[in-house]
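Notes follow once the structure below has been shown.
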Amino acid sequence: MRWNKLLLIFIFSTIIISINGEAAEPEQVHLATTGTPTEMVIQWGTEEDTSAFCPSDNIVEYGIDNENLNLSENGNNDMYLWTTCTHTTLLSNLNPNTTYYYRVGGEGEWSSVYSFKTLEKNPDKITIGAIADHGTSSNAQETTSNMENENLDLVIHPGDISYANGAGSGNGIGDQSVWDEYQNQIESLTSECPHMYAPGNHEEDAEPYGFDAYESRFFNPGQNSFWYSFDFEFIHFVSISSEHDYEPGSTQHTWLKNDLEDANNNRENYPWIVIFAHRPMYSSNGDGEGHGSEIEFREAMEGLLFDYQVDLAIWGHDHHYERTYPVFEENVYSNNSGNLDNPFYKPGATIHIVAGMAGRSTYDGLEEPQPLWSAYREVAYGYTLFEATETSINYKFIRNSDMQIADEFWLVNSIEIQEPEENPKINYNQTNQTEDSNLINQIKELNYLETPLSVIIIAITAIFNLKFRKK
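Okay, here's the thing in structure tokens:
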């Protein structure tokens, strides 16, 4: 009886202390998208005294003048079995092509002032970053620093984010402070560019914790924490989970089929479909058990990617970079070079990317001989990005060590190629790149083949040039 009274006193005292606790300093600021161009989700963390209660405010003050944050929104918060409280606030009715300044917190503690820029209305292009298997190493920090110099509109991350569960604390929940360290480490990038995630195996802690940290810390616009989709200008993005049931008949498989069917019928508005998840369907890196191509995952899901003509699939898990040719069931549908004068034009199958080279220790165990479906592979740290227009995707793997474009390809859905302008902030070493062909230049000069006559002219010119060269 006495112990019961002492326990009640302890619990009551803890609650009182929590209620009267002071607001904590905001940190770990990061953005997410809802898929609506006039909205932005702002999240941040506060380190509380207990995991039972979060006394800190959920306020965002913002405006178009960094010295006059005259607008404000309230949000909500979420906690799991850790003292970090995640705050989430939605900003809506934002103006296009506008820089907004903001700070987060409340009367007790305010953050510094950050900023983000909304997309312009009907932009000519968007730029997307894609990395996986990041972590907190010096290599990961170099990747983040290099990505900050890009004009990124969005970053997608196919899992193994902080490696908190790989820290070996031995208490079943991993070292959750690694999550805090990681999110503070990348705050300079995530506070100005929205990030969207898929769960990896290192997001799962031992039971009963499971994916609690992942679910608590990251927003997504879907009804399920582990698979969702959103539209972002020219692209329909789909995030799925290789860590949950994906077999035919499962909730996830049924959802994906319905989502891809709708997306494929909506190509007029969103001409590209890009899917991302953690474990790769195609990988020639057999460095250790559980790596390389995930055959069961591929057998369950690849048919959907083919049936609904998914354009790109971006994975992680294996710590290297690799790109396939357009492939289905290990059959190559196009072995074009993929450069601008020989792009992949409606290839009929998905190009797969392994982007697990963002910072965690690399895997050197590339299989030999290189599979026929593997177009390019390299063991090196770096990041990937792609510029998308209505008619083209230009994808690049950029190596950290020399900032060289190690691999690049073009995917086009129309002869009317819209080539994005070069990013003026980055001066890449482009020794591996080729110049536009004469035919592509002719296409541009004739205003992207706007009339049937221009098609005939180019065809005749190409035939004439071919005969002339033979002579």
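Residue numbering for the sequence shown follows the working numbering, starting at 391 and increasing by one per position. The beta carbon of each residue, even a glycine, is placed where N, CA and C say it ideally should be. Just so we're clear, the structure is a prediction, and the values are computed from it rather than from any experiment.
Residue state for Thr644 is assigned as helix, using DSSP reduced to three classes. Inter-residue distance for His477 and Gly465 is about 7 Å (C-alpha atoms, whole angstroms).
Minimum Cα-Cα distance from Gly549 among the listed residues Asn591, Phe718 and Asp439 corresponds to Asn591.
Runs of the alpha helix (DSSP H) spanning 4 or more residues and lying entirely within the segment 660–720 occur at 685–697, in chain order.
When the beta-carbon positions are compared, Thr517 and Leu542 come within less than 8 Å of each other.
Looking at the DSSP output, Ile551 sits in no beta bridge, so it has no partner there. Between Val419 and Tyr504, the C-beta spacing is below 8 Å.
Here the alpha carbon of Ile704 sits roughly 42 Å from the alpha carbon of Glu497. Judged by DSSP in its simplified three-state form, Asn483 adopts coil rather than helix or strand. A check of alpha carbon separations from Ala778 across Glu417, Met793, Leu702 and Tyr753 identifies Leu702 as the nearest. Tyr572 and Ser528 have their C-alpha atoms spaced approximately 12 Å apart.
Taken atom to atom, the span from the alpha-carbon of Ile630 to that of Ala667 is near 5 Å. With a cutoff of 8 Å on beta-carbon distance, Asp602 and Leu471 are scored as near each other.
Boundaries of the beta strand (DSSP E) around Thr774: Gly772 to Ala778. Arg669 has its alpha-carbon roughly 17 Å from the corresponding atom of Glu720. Residue pairing by DSSP puts Trp800 in a beta bridge opposite Asn784. Measuring C-alpha to C-alpha distances from Glu415 to each of Thr428, Thr424, Glu437 and Thr781 identifies Glu437 as the nearest. Under the three-state reduction of DSSP, Asp602 is assigned to helix.
No Cβ-Cβ contact shorter than 8 Å links Leu775 with Ala413.
Around the C-beta of Arg657, fewer than 16 other C-beta atoms lie within 10 Å, and the residue is accordingly described as exposed. Distances from the alpha-carbon of Ser462 to those of Pro445, Thr534, Ile432 and Phe443 put Ile432 closest. If you check the CB distance, Gly728 and Gly676 do not come in under 8 Å. Taking C-alpha positions only, Thr740 is separated from Val802 by approximately 13 Å. Taking C-beta atoms as the reference points, Phe799 and Phe734 count as a pair closer than 8 Å.
As the crow flies, the alpha-carbon of Met430 is around 14 Å from that of Val494.
Secondary-structure assignment with DSSP links Tyr491 through a beta bridge to Gly453 and Ser505. In this structure, Glu768 sits away from Ser674, with a CB-CB distance that is not shorter than 8 Å. Of the candidates Cys475, Glu457 and Lys507, Lys507 places its Cα closest to the Cα of Leu481. Here the segment 642–654 lies against the segment 611–627, with 3 or more beta-carbon pairs under 8 Å apart. A buried status is given to Thr752, since no fewer than 16 other beta-carbon atoms sit within 10 Å of its beta-carbon. Following the DSSP letters along the chain, one finds Asn529 inside the alpha helix (DSSP H) bounded by residues Ser528 to Glu538. Shown here, Asp649 sits in a helix according to DSSP, grouped into three states.
Within the same chain, and ignoring the five residues on either side of Tyr604 in sequence, the residues whose Cβ sits closer than 6 Å to its Cβ are Pro589 and Glu593.
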